[in-house]
Amino acid sequence: MKKITLITLLVVACVAAFGQDGIRFESLTFKEALAKAKCEKKLVFLDCYTSWCGPCKAMADEIFPLKKAGDYFNPRFVSIKLDMEKGEGIELDKKLEIAGYPTFFIFTPNGHMQHKIMGGSPNIEVFINRIEKGMKKETSYGYLRDLYEAGKINKKQLINYKLALMDAFETRRLGEVDYLIDSLLTAEDKLGKEYWPIMKGYGSDDFKFVVNNLSKFRKRIGKQDVNRYLFNNFHAAIFKALDYDSKANRKKLEQIHEELQVLDLPHKEVLITEIEIAEVMRNENVPALVQALKKYSEYDNIDFELIFSMIRSIPLEEGRELIALYEPLLKKCPEEQRGYLNFLFEKLRESLK
């Protein structure tokens, strides 16, 4: 009996220790958290969530319990979380003008908002990087907002402010700042590394500027980053045009195809294949779609949402040729999408029995 009790105590102790690895969220009011932060010479980290918010739950279950999260947050913050539809959260939600969940804040002990972030993060490294921007004065939301509102913000700070607004998802102020940046920055400014993180996407003047000054950007920013920017933006434009078959979207795809033909861009054959897939899917040509899927699956940087859409477009009785693609696709498929890939192929196998 004593042996069983000892084992039980050890299990409980291990579970408790595991629970302490992550961020220690304390049962304090916002006011109490500020007071404790002042005593401990820390900042306050506030997690604003709701019970129905999926990304909130993902952060709480998958990110916050990690040891790396605890190691970073616990020495620096008094951390609290509030349901913004209950108790104190209702009033704070109005005061802080929260547009969506989860939203995270960093406050100084005197209640000054130092930083604001909206939306979850795919891993703890990305989340800490977002928080780190709020720990540095020159990139923190509160500092830059105060400079902007006082009319004392320079070009570099304005770019940092836009990045902070993007992370906070403050669309109204973002439009103001975007307009000001466009009116103040010269072409030479836009060739600089400071501007690169806020470069707009396909169809914008920024995108055309990059294409027309490709050698300069590759020299100043780096070939890999510039090529990734071009590839990702072309892909996003293609995928958007695939979403709805219309005359305008068909014309857009033709335009992108023409632009890719004359552009020096590694792996552009992947993008050209995506455009070809659009035509095949539009014509409902099943044999051609099967061949297009085989061709597309051979590339490395492929979009599995497009893969799934293609598989769903192929009648089950004509999918026998696809079975051989399962293993190669599984190796390339992101972990979070493997479940759906397995589901589609299991359905396919069942139909062929």
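For the sequence shown, the residue numbers in mature numbering (1 follows the signal peptide of the UniProt record, and there is no 0) are -19 to -1, 1 to 334.
Yeah, the Cβ is synthetic: ideal placement off N, Cα and C, and Gly gets one too.
Query, Result
"Can you name, in chain order, every residue of its own chain whose Cβ lies under 6 Å from the Cβ of Q318, other than the five neighbours on each side?", "F285"
"Residues in the same chain with beta-carbon distance under 8 Å from K118, minus the five sequence neighbours each way, listed in chain order, please.", "Y124"
"Alpha carbon to alpha carbon, how far is Q138 from T120? Give it in angstroms, no decimals.", "8 Å"
"Beta-carbon separation of residue 350 and K97 under 7 Å?", "It is not possible to answer for residue 350, since the shown part of the chain is limited to -19 through 334."
"Going by the CB atoms, is the gap between L297 and residue 341 shorter than 7 Å?", "Missing from the structure shown is residue 341; the chain here goes from -19 to 334 and no further."
"By DSSP, does A(-7) sit in helix, in strand, or in coil?", "Caution is warranted here: a pLDDT of 37 is assigned to A(-7), below 50, making its placement in the model unreliable, and the coordinate value is therefore given only provisionally. In this structure, A(-7) counts as helix in the three-state DSSP scheme."
"Thinking just about the alpha-carbon of each residue, which of S278, G300 and E302 is nearest to the one in L311?", "S278"
"Mind listing, in chain order, the continuous alpha helix (DSSP H) runs of no fewer than 4 residues lying wholly within the stretch 56 to 129?", "69 to 77 and 105 to 116"
"Ignore the nearest five residues each way along the sequence and tell me which others in G173's own chain have a CB closer than 8 Å to its CB.", "R201"
"Comparing C-alpha positions only, which one of L287, T254, M262 and V267 sits nearest to K276?", "T254"
"Just the C-alpha distance for V25 and N135, rounded to the nearest angstrom, thanks.", "29 Å"
"Would you mind stating whether Y142 and Y160 have Cβ atoms separated by less than 7 Å?", "no"
"What are the partner residues of E211, as DSSP defines its beta bridges?", "According to the sequence provided, residue 211 is Leu. The question's Glu does not apply to it. DSSP lists no partner for L211."
"Count the other C-beta atoms from every protein chain shown that fall within 10 angstroms of the C-beta of N323, then say buried if there are 16 or more, exposed otherwise.", "exposed"
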